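In the working numbering, the protein residues as written are 29 to 365. Below is one structure, written out as structure tokens; comments come after it.
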């Protein structure tokens, strides 16, 4: 089969490798689509605990092609999605119920073979039926699951005001989940007019165009002079995190959701956090949110139409990465092996 194979950070080729064979408890599926996200750019650079050699791709949807011994509840020809994230079950964090913080966390497409290939294998316990969804919806199951975990971390109170900075796919999914949850108002801020149009279509109460130079933030102050109960930084830019702190209301919460470089830092006043009782929290991936994500996609509570902007063949993987990194028209980029 054809697959993207990294030998080391930034060094990859699209090449032919043997078809994988499912072992006991495993499922092989023919990949229909696999999403490319900012995490894949970090994996490309060798960060985000990536292990090489590696076939990345952690957002796959595909058709069951072969079933390993002992697997029940799946049929050849059915569409599935795979979460790909698992804890060891033995470390201290796993034993205290924090499996996502496992010290030996495994993630298909990051620590093991993922979906930028014609076929992929996953443990059956990590696979979920998606036969009632189209591939363009189902490929967004993983980003939706991550966003659901983010909302779980926030636990928004009824009547909350929310600001989501960043209108990428996960930013817009987060905004939708907040709007359909306890938030009374949701504002989305981003540099892209096209993405803000999507945000408004998906139910945002206010959309604000901001610039990477800090322009537009005065409008956020006009909308919420005293700040927002919830502020989500879904950009992965430390400079945005820095500005976001100033828009958190007294007693409010800042959720750091975007993936920054490990060396990035943000300055804040400990006294300000102390005096205003601000909560700063994070949300890293997901581990058990796929059922809720699929339910949200099935019900339409999370709308996806218009999120996918670019579809590339696996042979054009390098172009997919460069498009995601630098094309201002790019939103959700996917690979169709």
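Here a beta-carbon is modelled for each residue, glycine too, at the ideal position from N, C-alpha and C. Everything numeric in this text was worked out from a predicted model, so none of it was measured.
Where the alpha helix (DSSP H) through residue i begins and ends
i           : result
residue 327 : 318–327
residue 345 : 345–354
residue 179 : 169–182
residue 190 : First-last for residue 190: 188–193, but that is the beta strand (DSSP E), not the alpha helix (DSSP H).
residue 203 : 197–207
residue 250 : 245–251
residue 331 : Looking at the DSSP string, residue 331 is not in any alpha helix (DSSP H), and its letter there is neither H nor E.
residue 221 : 221–229
residue 165 : 163–166
Integer Cβ distance of residue i from residue j, believed to fall under 8 Å
i           : j           : result
residue 257 : residue 188 : 4 Å
residue 170 : residue 30  : Not a contact, Cβ separation roughly 22 Å.
residue 238 : residue 219 : 6 Å
residue 199 : residue 144 : With 8 Å as the limit, residue 199 and residue 144 do not qualify as a contact, their Cβ atoms being about 23 Å apart.
residue 203 : residue 227 : 6 Å
residue 174 : residue 313 : 6 Å
residue 236 : residue 225 : Residue 236 to residue 225, Cβ: 13 Å. No contact.
residue 278 : residue 305 : 7 Å
residue 163 : residue 61  : 5 Å
residue 360 : residue 63  : 6 Å
residue 216 : residue 192 : 5 Å
Residue from the options whose Cα sits closest to the Cα of residue i
i           : options            : result
residue 287 : 324, 86, 70        : 70
residue 91  : 153, 319, 132, 159 : 159
residue 251 : 214, 322, 351      : 214
residue 280 : 229, 175, 308      : 308
residue 229 : 75, 35, 330        : 330
residue 337 : 161, 324, 222      : 222
residue 327 : 63, 172, 150       : 172
residue 87  : 104, 197, 79, 289  : 197
residue 270 : 293, 248, 249      : 293
residue 374 : 284, 345, 342, 34  : Nothing can be reported for residue 374: it is not among the residues displayed for the chain, which extend from 29 to 365.
residue 177 : 205, 236, 63, 247  : 205
residue 120 : 130, 353, 347      : 130
residue 59  : 319, 77, 93, 81    : 93
residue 208 : 225, 217, 224, 190 : 190
residue 322 : 36, 107, 255, 40   : 107
residue 95  : 56, 297, 277       : 56
residue 232 : 140, 136, 211, 346 : 211
residue 245 : 254, 266, 234, 275 : 275
residue 50  : 126, 151, 339      : 151
residue 128 : 103, 316, 105, 44  : 316
residue 240 : 249, 266, 259      : 266
Bounding residues of the beta strand (DSSP E) (the contiguous stretch that carries residue i)
i           : result
residue 338 : 336–341
residue 263 : Residue 263 -> no beta strand (DSSP E), and no H or E assigned at all.
residue 364 : 360–364
residue 150 : 147–151
residue 234 : 234–237
residue 217 : 211–218
residue 36  : 30–36
residue 144 : Here residue 144 belongs to no beta strand (DSSP E), and DSSP marks it neither H nor E.
residue 157 : 155–157
Residues of its chain near residue i, where Cβ-Cβ distance is below 7 Å and the 5 sequence neighbours each way are ignored
i           : result
residue 97  : 52
residue 181 : 283, 309, 311
residue 132 : 116, 119
residue 82  : 34
residue 135 : 86, 112, 113
residue 40  : 32, 33, 34
residue 339 : 362, 364
residue 234 : 215, 251
Sequence-distant residues of its chain with Cβ nearer than 6 Å to residue i (five each side left out)
i           : result
residue 109 : 89, 156, 158, 166, 169
residue 153 : none
residue 111 : 154, 318
residue 296 : 273
residue 78  : 71, 138
residue 149 : 48, 50, 54, 56
residue 259 : 191, 272, 275, 276, 282
Own chain residues within Cβ distance below 8 Å of residue i, not counting five before or after
i           : result
residue 325 : 161, 165, 166, 168, 169, 172, 332
residue 38  : 72, 73, 74
residue 342 : 30, 31, 32, 42, 144, 145, 146, 363, 364, 365
residue 66  : 196, 264, 286, 287, 352
residue 76  : 67, 70, 138, 287
residue 254 : 277, 278
residue 345 : 32, 40, 42, 144, 363
residue 290 : 75
residue 320 : 173, 176
residue 185 : 210, 257
Residue i Cβ short of 6 Å to the ligand SAM heavy atom set
i          : result
residue 92 : Summarising the ligand content, the structure contains no ligands, and the ligand SAM is consequently not present.
Report the residue ranges of all alpha helix (DSSP H) runs contained in full by the stretch 267–327; include only those spanning at least 4 residues, in chain order. 298–304, 318–327
Runs of alpha helix (DSSP H) wholly within the stretch 41–85 (minimum 4 residues, chain order): 66–73
Enumerate, from N- to C-terminal direction, the unbroken beta strand (DSSP E) stretches of 3 or more residues contained entirely within the stretch 76–133. 88–95, 107–110
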